[in-house]
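Chains as they are written, first to last, in our numbering: chain A, 529 to 704; chain B, 444 to 740. Backbone N, C-alpha and C fix where the C-beta goes; we use that ideal spot for every residue, glycine too.
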């Protein structure tokens, strides 16, 4: 075990404005490969009526309208659906694989976009940097990789998967 | 091209993230030295996520069919044999209970059920004076409770899951990786990685230095207060999984204090954060006995 405290903050704005940090895990193609191997799939966009959107909302409490352009039909049975959920500080793009029987096969996070401010842990260090924020913009995205702290709830994803399963029941399973 | 993509290409880092244990499990394999082919990486990821799912299935309080729920349902009447992993977590729990003079006590599950923070699966009437001292760990992975009680392995099970995922990666030939289960994380390999801590509101990040070959866990005392009658005054019960109960007073800890522990394993790191959060102060020598470093942010 080897831990080193943050003694020399590099390029840190003490009270940086809220920034956004996107973590990209898998592309759509990579997620398709992870879930269904090399099984061919075809893009099969769905157009939902206002009524159907209401039913998805009621079943999942996700208020964002479902975008039906990211739905793929897998040869030999099954579906691959990309969807998005929005939380207080985050927007998550995720993929759900549905097997031929209509059950969830896999869930993968494709992209996690998070917004936050930034501060240095120790007040005595902080003082040195007050007012220097503009000269030393924090490079978000490159160095912030491993974030501990308040546990993020995956409840939004649970709700999102509920709505994808509702989409399956309402629409996909009736597609020939 | 996003900055992440550039970093990933230069450093050859492969990431996956899946929802598990009520949070997000993020696994990053760093194969800059190029020892793994695509199939190796895929198998390593699959094995690591399978280990996480296995621990979750065994030790979930929410799942009435888990090993833990089976134990809670029957162990006050007769000996119950549990999975070796469940037993292993109980051994850690006993060590923490004994070393902390009872500050770390997994029998607060009963209190959380009473407060409506955990689901009620059985007709549990936890004896009011029950503690982890009433949990007997017998030979051959058998467990018995000396009086009615209800265990909740909560955070240490999550920490243990991270440790098993690291084991799985190592046994698949991975030399450098980070497993982060919604804030409980462990670094495999001697390459130091930067660590940041998300604050209590989830709105700011705090620089917490770098870590190699070790685990980092953070415990934030809850974002709500609960009075002794157990009625939460919080607007949102979603924050309840952060609840820490002080076993001495059987009260939910109310201070908003953010503490972290650096330790060799994630199960220890997570367990020790509870002690630090309840105690609210550091005794460096006490933590050093676990080869751990406490941090109060």
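Integer-rounded CB distance, given that residue j should sit under 8 Å from residue i
i: residue 611 of chain B; j: residue 494 of chain B; result: 4 Å
i: residue 737 of chain B; j: residue 546 of chain B; result: At roughly 13 Å, the Cβ-Cβ gap does not stay under 8 Å, so residue 737 of chain B and residue 546 of chain B are not in contact.
i: residue 622 of chain B; j: residue 470 of chain B; result: 5 Å
i: residue 620 of chain A; j: residue 684 of chain A; result: 7 Å
i: residue 592 of chain A; j: residue 614 of chain A; result: 6 Å
i: residue 648 of chain B; j: residue 639 of chain B; result: 4 Å
i: residue 739 of chain B; j: residue 725 of chain B; result: 7 Å
i: residue 532 of chain B; j: residue 710 of chain B; result: 7 Å
Where residue i falls: helix, strand or coil (DSSP)
i: residue 631 of chain A; result: coil
i: residue 661 of chain B; result: strand
i: residue 780 of chain B; result: As displayed, chain B neither begins before 444 nor continues past 740, which places residue 780 of chain B out of reach and without an answer.
i: residue 699 of chain A; result: coil
i: residue 577 of chain B; result: helix
i: residue 688 of chain A; result: helix
i: residue 563 of chain B; result: coil
i: residue 601 of chain B; result: helix
i: residue 530 of chain A; result: strand
i: residue 434 of chain B; result: No answer is possible for residue 434 of chain B: the residues shown for chain B start at 444 and end at 740.
i: residue 606 of chain B; result: helix
i: residue 550 of chain B; result: helix
i: residue 491 of chain B; result: helix
i: residue 498 of chain B; result: helix
i: residue 653 of chain A; result: Interpretation of residue 653 of chain A is limited by its pLDDT of 35, a score under 50 that renders its predicted location unreliable; no figure is taken from the coordinates.
i: residue 611 of chain B; result: helix
i: residue 648 of chain B; result: strand
i: residue 592 of chain A; result: coil
i: residue 611 of chain A; result: strand
Any 3 or more C-beta pairs closer than 8 Å across the stretch 603-619 of chain A and the stretch 477-484 of chain B: no
Would you list, in chain order, the members of the stretch 698-713 of chain B that have their beta-carbon closer than 8 Å to a beta-carbon of chain A? 701, 703, 705, 706 and 707
In chain order, which continuous runs of the alpha helix (DSSP H) of length 4 or greater are located wholly inside the stretch 711-736 of chain B? 727-731
Flag this pair as touching only if the stretch 539-551 of chain B and the stretch 586-599 of chain B have three or more C-beta atom pairs under 8 Å; answer yes or no. yes
Scan the stretch 543-590 of chain A and note each continuous alpha helix (DSSP H) run of 4 residues or more that stays entirely inside, going in chain order. 556-564 and 578-588
Using a Cβ cut-off of 8 Å, which residues of the stretch 620-646 of chain B contact any Cβ in chain A, in chain order? 621, 623, 625, 626, 627, 628, 630, 633, 635, 636, 637, 638, 639, 640, 641, 642, 643, 644, 645 and 646
Going along the stretch 617-642 of chain A in order, which residues come within less than 7 Å of chain B, judged by CB to CB distance? 617, 635, 636, 637 and 640
Say whether the stretch 527-545 of chain B touches the stretch 626-634 of chain B, bearing in mind that this needs 3 or more beta-carbon pairs closer than 8 Å, one atom from each stretch. no
Can you find at least 3 beta carbon pairs, one from the stretch 684-696 of chain A and one from the stretch 573-592 of chain A, that sit closer than 8 Å? yes
Quick check: the stretch 550-561 of chain A against the stretch 626-644 of chain A, are there 3 or more CB pairs under 8 Å? yes
Pairs of beta-carbons, one from the stretch 598-617 of chain B and one from the stretch 488-508 of chain B, closer than 8 Å: are there three or more? yes
Could you pull out every unbroken alpha helix (DSSP H) segment of at least 4 residues lying fully inside the stretch 514-548 of chain B, listed in chain order? 527-542
How about the stretch 618-632 of chain A and the stretch 566-578 of chain A: do they share at least three Cβ pairs that are nearer than 8 Å? no
Secondary structure, beta strand (DSSP E): runs of 3+ residues fully inside the stretch 460-487 of chain B: 466-473
Which residues of the stretch 576-605 of chain A have a Cβ closer than 9 Å to any Cβ of chain B? Give them in chain order. none
Using a Cβ-Cβ cut-off of less than 8 Å, give me the residues of the stretch 591-605 of chain B that come near chain A, in sequence order. none
Where the stretch 558-570 of chain A meets chain B: residues whose CB sits under 8 Å from a CB there: 562
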